[in-house]
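In our numbering, the protein residues as written are 22 to 257. Heads up, the beta-carbon is just placed ideally off N, CA and C, and yes, glycines get one too. Here the structure is a predicted model, which is why all the values come from computation and not from measurement.
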(Lines of atoms letter the chains of each structure in order from A and count residues from 1; the text may use other names and numbers.)
(Lines give C-alpha, C1' and ligand atoms only; values in the text may rest on other atoms or scores of the structure.)
Protein backbone atom coordinates (compact mmCIF):
# COMPACT_ATOMS: atom_id res chain seq x y z
CA UNK A 1 0.00 0.00 0.00
CA UNK A 2 1.51 3.34 -0.95
CA UNK A 3 1.68 6.22 1.46
CA UNK A 4 -0.90 8.83 0.39
CA UNK A 5 0.58 12.08 -0.85
CA UNK A 6 -1.68 14.15 1.39
CA UNK A 7 -1.90 13.74 5.15
CA UNK A 8 -3.77 15.68 7.76
CA UNK A 9 -2.01 16.49 11.02
CA UNK A 10 -4.15 16.28 14.12
CA UNK A 11 -3.18 17.79 17.46
CA UNK A 12 -5.36 16.42 20.23
CA UNK A 13 -5.37 17.66 23.79
CA UNK A 14 -7.12 15.18 26.02
CA UNK A 15 -9.73 16.22 28.55
CA UNK A 16 -7.76 15.86 31.76
CA UNK A 17 -10.24 15.17 34.53
CA UNK A 18 -7.61 13.46 36.67
CA UNK A 19 -4.13 14.92 36.39
CA UNK A 20 -2.67 12.03 38.33
CA UNK A 21 -3.11 9.53 35.53
CA UNK A 22 -3.49 11.41 32.27
CA UNK A 23 -0.73 13.04 30.30
CA UNK A 24 -2.34 16.28 29.06
CA UNK A 25 -1.05 16.02 25.49
CA UNK A 26 -1.68 13.18 23.11
CA UNK A 27 0.90 12.92 20.34
CA UNK A 28 0.34 14.44 16.94
CA UNK A 29 -0.61 11.98 14.23
CA UNK A 30 -0.83 11.85 10.46
CA UNK A 31 -4.08 10.71 8.89
CA UNK A 32 -4.19 9.27 5.37
CA UNK A 33 -6.23 11.30 2.90
CA UNK A 34 -9.18 8.91 2.78
CA UNK A 35 -9.51 9.12 6.57
CA UNK A 36 -9.40 12.93 6.77
CA UNK A 37 -13.21 13.39 6.82
CA UNK A 38 -13.31 11.25 9.96
CA UNK A 39 -10.70 13.19 11.93
CA UNK A 40 -13.19 15.12 14.07
CA UNK A 41 -15.12 11.97 14.94
CA UNK A 42 -11.95 10.08 15.78
CA UNK A 43 -10.78 13.00 17.91
CA UNK A 44 -14.05 12.98 19.85
CA UNK A 45 -13.77 9.23 20.36
CA UNK A 46 -10.17 9.56 21.51
CA UNK A 47 -11.30 12.10 24.09
CA UNK A 48 -13.95 9.69 25.34
CA UNK A 49 -11.39 6.93 25.69
CA UNK A 50 -8.88 9.19 27.42
CA UNK A 51 -11.55 10.41 29.84
CA UNK A 52 -14.44 8.08 30.65
CA UNK A 53 -12.67 5.09 29.10
CA UNK A 54 -9.82 5.30 31.59
CA UNK A 55 -12.01 6.28 34.54
CA UNK A 56 -14.24 3.24 34.01
CA UNK A 57 -11.33 0.87 33.48
CA UNK A 58 -11.97 0.15 29.80
CA UNK A 59 -8.41 1.09 28.87
CA UNK A 60 -5.32 1.63 30.99
CA UNK A 61 -3.97 5.16 31.58
CA UNK A 62 -0.68 4.19 29.96
CA UNK A 63 -2.52 3.66 26.67
CA UNK A 64 -3.54 7.33 26.41
CA UNK A 65 -0.31 8.64 24.79
CA UNK A 66 -0.50 5.91 22.17
CA UNK A 67 -4.24 5.93 21.50
CA UNK A 68 -3.81 7.09 17.93
CA UNK A 69 -1.09 4.82 16.59
CA UNK A 70 -1.64 1.68 18.67
CA UNK A 71 -5.43 1.73 18.73
CA UNK A 72 -7.32 4.19 16.48
CA UNK A 73 -5.14 4.09 13.37
CA UNK A 74 -4.33 0.42 13.91
CA UNK A 75 -8.06 -0.29 13.60
CA UNK A 76 -8.85 2.31 10.95
CA UNK A 77 -6.36 1.12 8.33
CA UNK A 78 -8.21 -2.20 8.10
CA UNK A 79 -11.22 -0.48 6.53
CA UNK A 80 -9.27 1.53 3.97
CA UNK A 81 -11.55 1.43 0.88
CA UNK A 82 -8.53 0.68 -1.32
CA UNK A 83 -7.84 -2.54 0.58
CA UNK A 84 -11.16 -4.05 -0.51
CA UNK A 85 -11.45 -6.04 2.71
CA UNK A 86 -14.91 -4.72 3.57
CA UNK A 87 -17.40 -3.96 0.78
CA UNK A 88 -19.52 -0.82 0.73
CA UNK A 89 -22.57 -1.02 2.97
CA UNK A 90 -21.51 -4.29 4.58
CA UNK A 91 -23.00 -5.54 7.83
CA UNK A 92 -20.48 -6.04 10.64
CA UNK A 93 -20.54 -7.63 14.09
CA UNK A 94 -17.74 -6.60 16.45
CA UNK A 95 -17.47 -9.43 18.98
CA UNK A 96 -16.37 -8.52 22.49
CA UNK A 97 -16.31 -4.88 21.48
CA UNK A 98 -15.09 -3.66 24.88
CA UNK A 99 -14.22 0.01 24.52
CA UNK A 100 -15.32 -0.03 20.87
CA UNK A 101 -12.18 -1.25 19.15
CA UNK A 102 -12.43 -1.80 16.28
CA UNK A 103 -16.19 -1.29 15.89
CA UNK A 104 -16.51 2.39 16.79
CA UNK A 105 -13.41 3.30 14.80
CA UNK A 106 -14.82 1.50 11.77
CA UNK A 107 -18.17 3.23 12.17
CA UNK A 108 -16.49 6.64 12.24
CA UNK A 109 -14.11 5.89 9.38
CA UNK A 110 -16.72 4.10 7.23
CA UNK A 111 -20.20 5.54 7.85
CA UNK A 112 -21.57 3.28 5.09
CA UNK A 113 -21.24 0.23 7.35
CA UNK A 114 -24.01 -1.23 9.53
CA UNK A 115 -22.30 -2.28 12.74
CA UNK A 116 -23.39 -4.24 15.80
CA UNK A 117 -21.21 -3.93 18.89
CA UNK A 118 -21.62 -7.22 20.75
CA UNK A 119 -20.48 -6.97 24.36
CA UNK A 120 -21.45 -9.18 27.33
CA UNK A 121 -20.39 -6.91 30.22
CA UNK A 122 -22.85 -4.27 31.42
CA UNK A 123 -20.36 -1.51 32.20
CA UNK A 124 -18.75 -1.84 28.79
CA UNK A 125 -22.09 -2.02 26.97
CA UNK A 126 -23.21 1.10 28.84
CA UNK A 127 -20.08 2.97 27.74
CA UNK A 128 -20.65 1.86 24.16
CA UNK A 129 -24.26 3.05 24.17
CA UNK A 130 -23.20 6.44 25.51
CA UNK A 131 -20.39 6.70 22.96
CA UNK A 132 -22.70 5.84 20.05
CA UNK A 133 -25.10 8.58 21.19
CA UNK A 134 -22.40 11.20 21.75
CA UNK A 135 -20.70 10.46 18.44
CA UNK A 136 -24.00 10.44 16.52
CA UNK A 137 -23.47 7.04 14.91
CA UNK A 138 -26.89 6.24 13.49
CA UNK A 139 -25.89 2.93 11.88
CA UNK A 140 -24.42 1.40 15.03
CA UNK A 141 -26.28 -0.49 17.72
CA UNK A 142 -25.09 -2.10 20.91
CA UNK A 143 -26.20 -5.61 21.81
CA UNK A 144 -25.38 -6.95 25.23
CA UNK A 145 -24.64 -10.65 25.02
CA UNK A 146 -22.21 -13.43 24.24
CA UNK A 147 -21.27 -14.58 20.76
CA UNK A 148 -22.24 -18.15 21.61
CA UNK A 149 -25.81 -17.05 22.35
CA UNK A 150 -26.26 -14.37 19.68
CA UNK A 151 -28.78 -15.06 16.91
CA UNK A 152 -27.59 -12.27 14.61
CA UNK A 153 -25.40 -12.71 11.55
CA UNK A 154 -23.31 -10.39 9.39
CA UNK A 155 -21.20 -10.34 6.26
CA UNK A 156 -18.15 -9.45 8.35
CA UNK A 157 -17.45 -10.65 11.87
CA UNK A 158 -14.49 -9.06 13.63
CA UNK A 159 -12.75 -9.13 16.98
CA UNK A 160 -9.66 -7.57 18.51
CA UNK A 161 -7.76 -8.93 21.51
CA UNK A 162 -10.66 -11.20 22.53
CA UNK A 163 -9.25 -14.75 22.48
CA UNK A 164 -6.79 -17.03 20.65
CA UNK A 165 -7.94 -17.65 17.09
CA UNK A 166 -9.03 -21.26 17.52
CA UNK A 167 -11.26 -20.40 20.46
CA UNK A 168 -12.55 -17.23 18.79
CA UNK A 169 -13.60 -19.08 15.64
CA UNK A 170 -15.51 -21.60 17.70
CA UNK A 171 -17.52 -18.73 19.16
CA UNK A 172 -18.15 -16.65 16.04
CA UNK A 173 -18.68 -19.20 13.26
CA UNK A 174 -22.43 -19.11 13.87
CA UNK A 175 -22.47 -15.33 13.30
CA UNK A 176 -20.98 -15.35 9.80
CA UNK A 177 -23.60 -14.94 7.07
CA UNK A 178 -23.38 -17.17 3.97
CA UNK A 179 -20.48 -15.93 1.86
CA UNK A 180 -19.20 -13.84 4.76
CA UNK A 181 -15.86 -13.71 6.49
CA UNK A 182 -14.06 -13.24 9.77
CA UNK A 183 -11.49 -10.45 10.14
CA UNK A 184 -9.52 -11.09 13.32
CA UNK A 185 -7.18 -8.27 14.35
CA UNK A 186 -4.09 -9.95 15.76
CA UNK A 187 -0.51 -9.29 16.81
CA UNK A 188 2.82 -11.00 16.31
CA UNK A 189 1.41 -14.44 17.16
CA UNK A 190 -1.01 -14.43 14.21
CA UNK A 191 0.78 -17.06 12.11
CA UNK A 192 1.13 -19.37 15.09
CA UNK A 193 -2.56 -18.94 15.94
CA UNK A 194 -3.52 -19.85 12.38
CA UNK A 195 -1.47 -23.04 12.65
CA UNK A 196 -3.15 -23.96 15.94
CA UNK A 197 -6.62 -23.34 14.49
CA UNK A 198 -5.89 -25.45 11.43
CA UNK A 199 -4.42 -28.23 13.57
CA UNK A 200 -7.65 -28.17 15.59
CA UNK A 201 -9.56 -28.98 12.42
CA UNK A 202 -11.18 -25.57 11.96
CA UNK A 203 -11.64 -25.58 8.20
CA UNK A 204 -11.63 -22.44 6.10
CA UNK A 205 -9.51 -20.31 3.81
CA UNK A 206 -6.97 -18.43 5.92
CA UNK A 207 -5.12 -15.33 4.80
CA UNK A 208 -2.61 -13.24 6.77
CA UNK A 209 -2.77 -9.57 5.77
CA UNK A 210 -0.75 -6.50 6.76
CA UNK A 211 -2.75 -3.26 6.67
CA UNK A 212 -1.51 0.32 6.88
CA UNK A 213 2.06 -0.21 5.67
CA UNK A 214 3.70 3.21 5.73
CA UNK A 215 0.92 4.65 7.88
CA UNK A 216 1.20 2.77 11.17
CA UNK A 217 4.25 1.04 12.59
CA UNK A 218 4.03 -1.84 12.93
CA UNK A 219 1.26 -2.37 10.37
CA UNK A 220 -2.01 -3.86 11.56
CA UNK A 221 -2.09 -7.64 11.29
CA UNK A 222 -5.37 -9.16 10.15
CA UNK A 223 -6.27 -12.82 9.82
CA UNK A 224 -8.96 -13.17 7.18
CA UNK A 225 -10.98 -16.38 7.22
CA UNK A 226 -13.42 -17.19 4.46
CA UNK A 227 -15.48 -20.33 3.86
CA UNK A 228 -15.31 -20.94 7.60
CA UNK A 229 -16.90 -24.19 8.67
CA UNK A 230 -18.40 -24.24 12.09
CA UNK A 231 -16.33 -26.50 14.37
CA UNK A 232 -18.09 -29.67 15.50
CA UNK A 233 -17.63 -28.73 19.14
CA UNK A 234 -19.64 -25.56 18.50
CA UNK A 235 -22.55 -27.38 16.84
CA UNK A 236 -25.64 -28.24 18.80
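Could you check which residue in the options has the C-alpha nearest to that of residue i?
i	options	result
residue 100	247, 239 and 233	233
residue 71	82, 62 and 63	82
residue 111	176, 204 and 187	176
residue 182	149, 202 and 241	241
residue 187	142, 167, 220 and 84	220
residue 107	201, 217, 215 and 239	201
residue 126	180, 215 and 169	180
Measure the alpha-carbon distance for residue i versus residue j and round it to whole angstroms.
i	j	result
residue 66	residue 152	8 Å
residue 199	residue 53	33 Å
residue 133	residue 60	16 Å
residue 144	residue 77	8 Å
residue 211	residue 159	33 Å
residue 213	residue 185	10 Å
residue 224	residue 173	22 Å
residue 208	residue 91	11 Å
residue 74	residue 216	34 Å
Does the Cβ-Cβ distance between residue i and residue j come in under 7 Å?
i	j	result
residue 193	residue 137	no
residue 155	residue 62	no
residue 148	residue 79	yes
residue 96	residue 123	yes
So, at 7 Å on beta carbons, what are the nonlocal neighbours of residue i in its own chain, with the 5 sequence-adjacent residues on each side left out?
i	result
residue 228	245
residue 98	232, 233, 236, 237 and 241
State buried or exposed for residue i, treating a residue as buried only when at least 16 other CB atoms are found within 10 Å of its CB.
i	result
residue 226	exposed
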